[in-house]
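As they're listed, the protein sequences go chains E and C.
If you read the first sequence in UniProt numbering, its first letter stands for residue 1, the second for the next number, and so on.
If you read the second sequence in UniProt numbering, its first letter stands for residue 1, the second for the next number, and so on.
These notes concern the structure reproduced below.
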Amino acid sequence: MRIKTISRSVDEFTRERSQDLQRVFHNFDPSLRPMEKAVEYQRALTAAKLEKIFARPFVGAMDGHRDGISCMAKNPNYLKGIFSASMDGDIRLWDIATSRRTVCQFPGHLGAVRGLTVSTDGNVLVSCGTDCNVRLWSVPRPSLEDSDLSSEKSTEVVHSICGLYLQECVILSFTSRAVDHQFEGDLFATAGAQLDIWNHNRSQPVQSFTSGSHSVISVRFNPGEPDILATSSGDNHISIYDIRMSSAARKILMRTKTNSIAWNPMEPMNFTAANEDGNCYSFDGRKNEEAKCVHKDHVSAVMDIDFSPTGREFVTGSYDRSVRIFPYNGGHSREIYHTKRMQRVFCVKYSSDATYVISGSDDTNLRLWKAKASEQLGVILPREQKKHEYNEAVKNRYKHLPEIKRIVRHRHLPKPIYKAKAESRAMNDAKRRKDDRRKAHSAPGTVVTESHRTRRIIKEVE
Amino acid sequence: MGGLKRKPSSSAKALAKSKKKKGPHLPNSILKVIANQKRPLNSDEEDDDDVIGSDDEHGGDLYEYEEGVPEEESRKNNRYDRHDNYDYELPDDFEDENVESEDDDDGGNSDNDEAEGDDDDDDDRHTRMLQSLTGMPSAAFEGESKSKPVLFTEAYPEGEFNPTRDVLEGKNVLTEEDFLAPLEGTPGYQKTSKQIARMRKDTKHVVHAPLPKPQRERLERKAVIGLVDEEFSKWVHLVKKNREAPTVYFNQDVDLGYSTVGAIASEFQPRTEFEKKMASVLNDSEVSMEDHIKDHNHIAKMRSLLFRHEFKSKRIKKIKSKTYHRLKNKDLKNSSLGALMDPEMAKEEAMRQEAKRVEERMTLKHRNTGKWAKRMISRGLNVKYDGPKAAIAEQLQMNANLSRKMNSMRDGSSSDESDDEEELNDGADEDTPSRLIAKAKEKTLKALEDDEVPNAGLMSLPFMKNEEANEEAKRALEEYEEWENSGGENSKKTVNVSGRRVFGATAKVEAPKESRKDSDNFYDDSDSDNDMAGIEDNNIEPVRDNASPARNTITETEKFDDDVAGNPASKTTFDVAMFASGSWKKMAGSKNTESKKASRKTRAPIPQAQDKKGWRDEESEDSESEAEQMVDGVLTSTSKETFEVPSQAELINRAFAGDDVLDEFEKDKEEVLNQEVPKPEKPVLVPGWGDWTNIQKKRGISKQMVQKHEAEKKEWEQGLKTRKDARLKHVIISEKVDKKAEKLHTTTLPFPFTSKEVFEHSMRMPIGPEFNPSTIVGELNRPEVVKKTGVIIKPVKFEEVNPNDEVDDEHPRNHQKQRPKKKTSRRQGKVKSK
């Protein structure tokens, strides 16, 4: 007969340091823990509730502008700085990490600034606006800025040095609505009555595209494919250009205007358009006759959109005074952010480390949010991290169960949005009912219900 | 041109067709001839370019010609006469035509048309104008107008966009010949005309008119689309890979420089003389890591042993008790250790043991043969009381010990003494090698013991010696035993023959075959020998006797198989055992373990025989050479007893004699039924009102209660009947829903899953740290996106991805996600079947 004995050497079980954890032996025999499913379900439930408890997404507001914020730009090379411009022509650089205040201003524009962008190396800021000017600014070095901040923390001296930064100014014959900089290149595009491609060193556009009589309202370069850009224009068109070619590659005609476009930084063929009808439409750049996904939830026009650098989700700002975060392949938002005082949101940005979201709104404030509402900030110990991961995994695993689903999905909505949603739902239901009846009472095949993905797209222009 | 531009672009094809159909009906050459004939008449002020343009195949003008002359108009014109012409009014459709063309034309043109309209009506003036313009006699125009009484209503001045009717009808078109005609006879004429002819033939170099803008843009866009799509398509594999990856990492490319001292050290390059020297020295003395570790471990072990020994000896030294030390010394002497250390002592000890053994055998003192023991047993006191019971057990134990010792001793140094008295029938052939081996063994043992024993240092420590000696002794013993076994094989041929014989006899009954795919050399040798020996050697009796010593040595419990092995007569028992080969083998195994404590010598023949049976049984169905069968047949012809093979059912019955599965199942089912459809309780008289007055007893149970009970009973019966397993005798189907478990199930299949099985499979394993080893918990719980706060994530960079490569990071959750799935049913039918 064999006798099994427990033999454990002292060496293995001796801690090296007093802070080390005691080593514990586990028996993973499943028959010893028969209730694992129930246990994990309970944990998932607890995790879902804890997530609700710790959901405090609002980090802080940055005020200083004297008019509604029209556009923002993030420095691709420096996490702490963000540029914002307002309707009165004021451009500011903010330090969002430590002090959350203006680092410097870039005065010069006479009318509203409508477009703002930073070159990839973070040295040049480009702005354009209704005063028919395109201005290039050199951005102060982050290191300098840091030292400045440490020395002049309490004073507002920073403002006085800002005049130095104007590098170049080009005067156009028309107001431009948007500007965007190429990734890893020195070209940038301005959009107005026509689409112009500029080089930093030239005062004339390297290339111009004209299309129709309507002006272009937004332009965005593809981060993965630096020569490709997408624009949206006032005549409800979305166009894709290759700047090496002389004309547009694709044109989609939609029923409503597209306010902004964002390319997926991890999937260069895909982009998402923020539409006036309150939905966002994700397109594959190769097949435009239908949207790949329709992201619904906003109750008013979506004003701006920005992709997370991970490419897995994007943030939108809407005229309904809310900011929402959508998964890149999900029909509904994962998160909604709103505060009592936040007005129409005109611009949103996802921070370059995919951790924060910044929104600029009509109430002259920039707001900093966490991208994940219940995320714990600061240094997290490995064990803590593991615990968070486990909670997340377990929640994800049981997310389809009714109780957990309910808790995870529940959000408190401002009254106007709630009402508007209810109203639109009622309207949609009525419409669907009517359609169903019409379909039922007509010859089969005569009434065709169009899918949501193609409903708002008129055609792809050949 | 303008007209064409206004046409909806969708009808581009139709337009092309119409061009073909409705273009000038006459071929160009004929037209030319006509034009040449009419040349003197045709003298309008049209641009040459335009005319040529109309000849061209692109002929936007031809199209316009078609638009410009509606049929009604010509018919209408036929109705009009010259007189009517004077008070001419604009026809209704005229305005429309005007509006259409107005859009395309320049502003200047439309200005002109009013002025033109005024003086148009006067035919004479027109003729005069023509005359003045062309310089031709008015008769020409006259004749034309007379022969064709057509009213020309030109709303616009003739020009690029408004050619004359002649041109529109394809009649008086200017050609190259028209221009060349006046030059005829001049010196360069021939050359020019040749050139023109050549040009006409050569259609390649004709510069076509540019396409209209929308068409051109469409074509351009198409070309660009192709390029852009190509650009996008190259990302597909990369994107797919990223999407399918269970985890995407964005925290990888953080370059923090050197992270550890080791990393810095590994980068070190010797520069100065000294450093180089050091480096060379370090590199030359190549101590491999393994050796180093081995050395280190060895030293550490030695040190710890020394330390412990020191500790122990200190502690022992501290003990003041004299008795303890005395006893300890005695122990040391008595122990095998002491014996091993001192050969003299060992001998003495062995002698003493031997004497004891002899005494035991002689007296059988400890086998309950004593007076006291007999009395105890006869009176049954050993059962009643614990004391005597223990004492008797002890005696028996002692007896067993002594006899066992005796066996082991025979193996060892004292074999020559015991052999003579015990193994009476052992052949001489066996004696010599075994003795030799025994001698060698002894010698080695001695040599080992005599080996230099260091007086100081670690090796001198008792436990060290113990270790070494034990090890050596073991190894030597093993060797000798091996020798003995293999040697003994040859010497014990007869024994094996007997075994074989026995099996051969049984083989006739159910034909056991042998094939030795798996048997080792040990058996191979012996058997091949046996085959030969079996034929030669017909003497059976000594064979039997040969086996008997082995039988004598084994304990009573082993009697059964010994009989089988040794006695060919007892075939029946053996055959049963063969049938239940599994159990047989088990028995054999247990015996083996038991007899391990006994001496090797006794063990040797038994397992041999057993094993043989074992593998014969196993491979009884295998084929065997005919010769062997023959041998067996010859040898076994003496035995006439046959064995009846019990039927399978009988065997099963015998095997499961004690189990009453059916009854158990019925009980189970009843229990389940009672739980799910509980039987209603019978109403009982509850003591209460009227109890003491005896009224209640008289009345009995109230009617209501009885009725209620009846109803409940009916319901119960109904419930039993409607059960799914009501008619299935051997099945329990439970339809009860566990409410507490319900919340763990979902009614619909969650999104990415398409089959229930896969979904359930994905949910089967828990992912928590309590249920999984820590090595995989991290993987199980890893989020889809791993990023680090403060690390800038760059957009994707293009890299070639092989689409056939699998995702390198195998992740348990990945499988769950990729696979299709289905839902868990809310109702879980529990089906038990017998």
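Cβ coordinates follow ideal geometry from the N, Cα and C atoms, glycine included.
(request) Using the DSSP secondary-structure output, state which residues sit across from proline 327/E in a beta bridge. (result) The partner list for proline 327/E (beta bridge, DSSP) reads Glu313/E.
(message) Considering Cα atoms alone, identify which of Asp180/E, Arg141/E, Arg92/E is closest to valine 134/E.
(response) Minimum Cα distance to valine 134/E is reached at Asp180/E.
(request) Identify every run of the alpha helix (DSSP H) within the UniProt domain "Sof1-like protein" (371-457) of chain E, keeping only runs that are complete inside it and at least 4 residues long; order them along the chain. (result) Counting whole runs of 4 or more residues, the UniProt domain "Sof1-like protein" (371-457) of chain E contains the alpha helix (DSSP H) stretches 382-397, 402-409, 415-440, 452-455.
(message) When you compare the CB of isoleucine 792/C with every CB in chain E, is at least one pair closer than 8 Å?
(response) Yes, because at least one Cβ of chain E sits closer than 8 Å to the Cβ of isoleucine 792/C.
(request) Please state if the CB of aspartate 353/E and the CB of lysine 787/C are separated by a distance shorter than 8 Å. (result) In this structure, aspartate 353/E lies closer than 8 Å to lysine 787/C by Cβ.
(message) Is there a C-beta anywhere in chain C that falls below 8 Å from the one on arginine 250/E?
(response) Interface residue, yes.
(message) For phenylalanine 188/E and leucine 174/C, I'd like the C-alpha separation in whole angstroms.
(response) Rounded to whole angstroms, phenylalanine 188/E to leucine 174/C spans 55 Å at the Cα level.
(request) Please name the residues in the stretch 219-231 of chain C whose beta-carbon is closer than 7 Å to at least one beta-carbon of chain E, in chain order. (result) Answer set for the stretch 219-231 of chain C: Glu220, Arg221, Val224, Ile225, Leu227, Val228, Asp229, Glu231.
(request) State the DSSP-derived secondary structure class of aspartate 121/E, mapped to helix, strand or coil. (result) Reduced to three states, the DSSP call for aspartate 121/E is coil.
(request) Taking only the alpha-carbon atoms, compute the straight-line gap between lysine 277/C and proline 766/C and give it to the nearest angstrom. (result) Distance between the alpha carbons of lysine 277/C and proline 766/C is about 59 Å.
(request) Starting from phenylalanine 311/C, find everything on chain E with Cβ-Cβ shorter than 7 Å and list it in chain order. (result) Those do not exist, as phenylalanine 311/C stays about 15 Å from chain E at its closest Cβ, beyond 7 Å.
(request) Evaluate contact between the stretch 357-364 of chain E and the stretch 376-387 of chain E, counting only Cβ atoms and requiring at least three cross-stretch pairs below 8 Å. (result) Taking 8 Å as the limit for Cβ pairs, the verdict is that the stretch 376-387 of chain E does not touch the stretch 357-364 of chain E.
(message) I'd like the list of long-range same chain contacts for glutamate 618/C, defined as Cβ closer than 6 Å, with 5 residues on each side in sequence excluded.
(response) Low local confidence applies: a pLDDT of 43 at glutamate 618/C is under 50, so the model's placement there is unreliable, with the coordinate-based value given in what follows. The answer is none, since no qualifying residue turns up.
(message) Taking the beta carbon of isoleucine 171/E as the centre, do at least 16 other beta carbons fall within 10 Å, making it buried, or is it exposed?
(response) Its Cβ having fewer than 16 others within 10 Å, isoleucine 171/E is exposed.
(request) Following the continuous alpha helix (DSSP H) through glycine 226/C, name the residue where it begins and the one where it ends. (result) Start and end: 213-233.
(message) For a contact defined as C-beta to C-beta under 8 Å, what are the partners of leucine 780/C on chain E?
(response) Taking a Cβ-Cβ threshold of 8 Å, the residues of chain E close to leucine 780/C are Ala393, in chain order.
(request) Report the three-state DSSP secondary structure of glutamine 22/E (helix, strand or coil). (result) Glutamine 22/E falls in the coil class under three-state DSSP.
(request) Can you give me, in chain order, the residues of the stretch 306-327 of chain E that have a beta carbon less than 7 Å from any beta carbon in chain C? (result) Cβ contacts with chain C: Pro309, Thr310, Arg312.
(message) Determine, for proline 57/E, whether the minimum Cβ-Cβ distance to residues of chain C falls below 8 Å.
(response) No, proline 57/E lies away from the interface with chain C (no Cβ there is under 8 Å from its Cβ).
(message) Buried or exposed for asparagine 27/E, going by 16 or more other Cβ atoms inside 10 Å?
(response) Exposed, by the Cβ-count rule.
(message) Is any non-hydrogen atom of the ligand HEM found closer than 7 Å to the C-beta of serine 288/C, if you look at the structure I gave you?
(response) Absent from the structure shown: the ligand HEM. Ligands present: none.
(request) List the endpoints of the continuous beta strand (DSSP E) containing alanine 249/E. (result) Under the DSSP assignment, alanine 249/E falls in the beta strand (DSSP E) whose first and last residues are 248-254.
(message) Rounding to the nearest angstrom, what Cα-Cα distance links glutamate 712/C and histidine 410/E in this structure?
(response) One alpha carbon belongs to glutamate 712/C, the other to histidine 410/E, and they sit about 46 Å apart.
(request) Say whether the stretch 102-121 of chain E touches the stretch 70-82 of chain E, bearing in mind that this needs 3 or more beta-carbon pairs closer than 8 Å, one atom from each stretch. (result) Touching, yes.
(request) Please state whether DSSP places asparagine 283/C in a helix, a strand or coil. (result) Here asparagine 283/C sits in helix by DSSP.
(message) In the DSSP output, what is glutamine 718/C paired with across the bridge?
(response) Its beta-bridge partners do not exist; DSSP assigns none.
(request) Note down the Cα distance separating proline 769/C from valine 777/C, rounded to an integer number of angstroms. (result) Just so you know, the alpha carbons of proline 769/C and valine 777/C end up roughly 6 Å apart.
(message) In whole angstroms, give me the CA-to-CA distance for glycine 122/E and arginine 456/E.
(response) One alpha carbon belongs to glycine 122/E, the other to arginine 456/E, and they sit about 38 Å apart.
(request) State the DSSP-derived secondary structure class of methionine 303/E, mapped to helix, strand or coil. (result) Strand at methionine 303/E.
(message) Here's a check: name, in chain order, each residue in its chain whose Cβ is nearer than 6 Å to the Cβ of lysine 724/C, leaving out the five neighbours to either side.
(response) Ile733.
(request) Kindly say whether glutamate 40/E, judged by its beta-carbon, lies nearer than 8 Å to any beta-carbon of chain C. (result) With 8 Å as the cut-off, glutamate 40/E counts as an interface residue toward chain C.
(request) Buried or exposed for methionine 269/E, please, with buried defined as at least 16 other CB atoms from any protein chain shown within 10 angstroms of its CB. (result) That one is buried.
(message) What are the residues in the stretch 731-757 of chain C lying within 7 Å of chain E by C-beta distance?
(response) So the close ones are Lys743, Leu744, Thr746, Pro750.
(message) Quick check on the burial criterion: 16 or more other C-beta atoms within 10 angstroms. Buried or exposed for aspartate 386/C?
(response) Counting Cβ neighbours within 10 Å, aspartate 386/C comes out exposed, since fewer than 16 surround it.
(message) Please report the straight-line C-alpha distance between isoleucine 225/C and proline 223/E, rounded to a whole angstrom.
(response) Each residue's alpha carbon lies about 19 Å from the other.
(request) May I ask which residues mark the beginning and end of the beta strand (DSSP E) holding leucine 136/E? (result) Going by DSSP, leucine 136/E is part of the beta strand (DSSP E) stretching over 133-138.
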